[in-house]
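What follows is a single structure, written as structure tokens, with notes after it.
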Amino acid sequence: MSIAHITAPARTLRAAYEAASAVVAGLGDEESWLPTGCTGWAVRDLVFHCLQDAQRGLVALHTPSDGPVDRDAVTYWRDWRPDTAGAANGRRWARVNGSMFLVFGQLQELYLETLAAAVHAADAADPDGRVTTQGHVLTAGDLITTLAVEATVHHLDLTVRLPLAAGPAPEGLTAVRATLDGLLGRPAPADWSDERYARLSTGRAEPTRAERAALGAAADRLPLFG
Numbered sequence: 060m061s062i063a064h065i066t067a068p069a070r071t072l073r074a075a076y077e078a079a080s081a082v083v084a085g086l087g088d089e090e091s092w093l094p095t096g097c098t099g100w101a102v103r104d105l106v107f108h109c110l111q112d113a114q115r116g117l118v119a120l121h122t123p124s125d126g127p128v129d130r131d132a133v134t135y136w137r138d139w140r141p142d143t144a145g146a147a148n149g150r151r152w153a154r155v156n157g158s159m160f161l162v163f164g165q166l167q168e169l170y171l172e173t174l175a176a177a178v179h180a181a182d183a184a185d186p187d188g189r190v191t192t193q194g195h196v197l198t199a200g201d202l203i204t205t206l207a208v209e210a211t212v213h214h215l216d217l218t219v220r221l222p223l224a225a226g227p228a229p230e231g232l233t234a235v236r237a238t239l240d241g242l243l244g245r246p247a248p249a250d251w252s253d254e255r256y257a258r259l260s261t262g263r264a265e266p267t268r269a270e271r272a273a274l275g276a277a278a279d280r281l282p283l284f285g
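Under the working numbering, the first residue of the sequence shown carries the number 60, and numbering increases by one thereafter.
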């Protein structure tokens, strides 16, 4: 059984998107220029990127496929590696396009509307139905889980310089941990917090000597995606 079915994908996405939306809804224009946990991105750049991901999810949930499933909620992430030319181009693309919103409130409103629409589409989707995104076929449930995972990791990025902001939804963090365990091929140490595990495994933080020892040979595989 995939992690999407274990974690109830639509409910997980709703929790992850509502938590992120609550943070973004409270931001002003000045705060939108603060740095985030993503290299080269201010808050508004990251919000634009997350808006684009929700739009992609909306399209995918309305793009049924008859083809065979070739990715699940874990293997989807194997295509997404940090420090590649594609990753660098994506950073530039989001920054340039996000800068076209002269007032953060315009981007903020579109972000909130789009995430709400994506949640509605996820609620209505058959989790076993097959959909297409980024050249792959997944079940809708697995796609929805990947959206929740991305939103949760970026929620951590978003709040790096927002100490009063609420953290990600527990449901989203649970999905992130399950995804990372699947990519790692084993559970991470139980004493690692979900947040620390997410940052270590996506290249946001460097493992300490003790953390590398706890993972053993698997430490050389970090980051698992980024």
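A virtual CB, placed ideally from N, CA and C, is assigned to each residue, including glycine.
If you reduce the DSSP assignment to three classes, tell me which class residue 121 lands in. Locating residue 121 in the sequence shown gives position 62, where the first residue counts as 1. Three-state DSSP puts residue 121 in coil, outside helix and strand.
Give the straight-line distance between the Cα atoms of residue 190 and residue 208, rounded to the nearest whole angstrom. Along the sequence shown, read from residue 1 onward, the residue named residue 190 stands at position 131. Along the sequence shown, read from residue 1 onward, the residue named residue 208 stands at position 149. Spanning the two alpha carbons is a distance of roughly 18 Å.
Using the DSSP secondary-structure output, state which residues sit across from residue 192 in a beta bridge. Numbered from its first residue, the sequence shown carries residue 192 at position 133. Beta-bridge analysis with DSSP links residue 192 to 195.
Residue interval of the alpha helix (DSSP H) (run including residue 275): Locating residue 275 in the sequence shown gives position 216, counting from the first residue. Boundaries for residue 275: no alpha helix (DSSP H) harbours it, and the DSSP string shows neither H nor E there.
The alpha helix (DSSP H) spanning residue 77 covers which residue range? Counted from its first residue, the sequence shown places residue 77 at position 18. That run of the alpha helix (DSSP H) goes 68 to 84.
Are residue 257 and residue 274 closer than 9 Å when you measure CB to CB? Within the sequence shown, numbered from 1, the residue matching residue 257 stands at position 198. Within the sequence shown, numbered from 1, the residue matching residue 274 stands at position 215. No. Outside cutoff.
Counting contacts by CB-CB distance shorter than 9 Å, is residue 77 in contact with chain E? The structure shown contains no chain E; it is built from a single protein chain.
Residue 261 vs residue 285 beta-carbon contact at 9 Å: Stepping through the sequence shown from its first residue, residue 261 is reached at position 202. Stepping through the sequence shown from its first residue, residue 285 is reached at position 226. Yes, Cβ-Cβ distance for residue 261 and residue 285 is below 9 Å.
Since residue 205 contacts residue 132 with CB under 8 Å, what's their CB separation in whole angstroms? The residue you call residue 205 lines up with position 146 of the sequence shown. The residue you call residue 132 lines up with position 73 of the sequence shown. 6 Å between Cβ atoms; contact.
Continuous beta strand (DSSP E) assignments of at least 3 residues falling wholly in the region 162 to 240: Within the region 162 to 240, the beta strand (DSSP E) runs of at least 3 residues that lie entirely inside it are, in chain order, 189 to 192 and 195 to 198.
Between the CA atoms of residue 120 and residue 91 - distance to the nearest angstrom: As a working mapping, residue 91 is identified with position 32 in the sequence shown. As a working mapping, residue 120 is identified with position 61 in the sequence shown. Spanning the two alpha carbons is a distance of roughly 30 Å.
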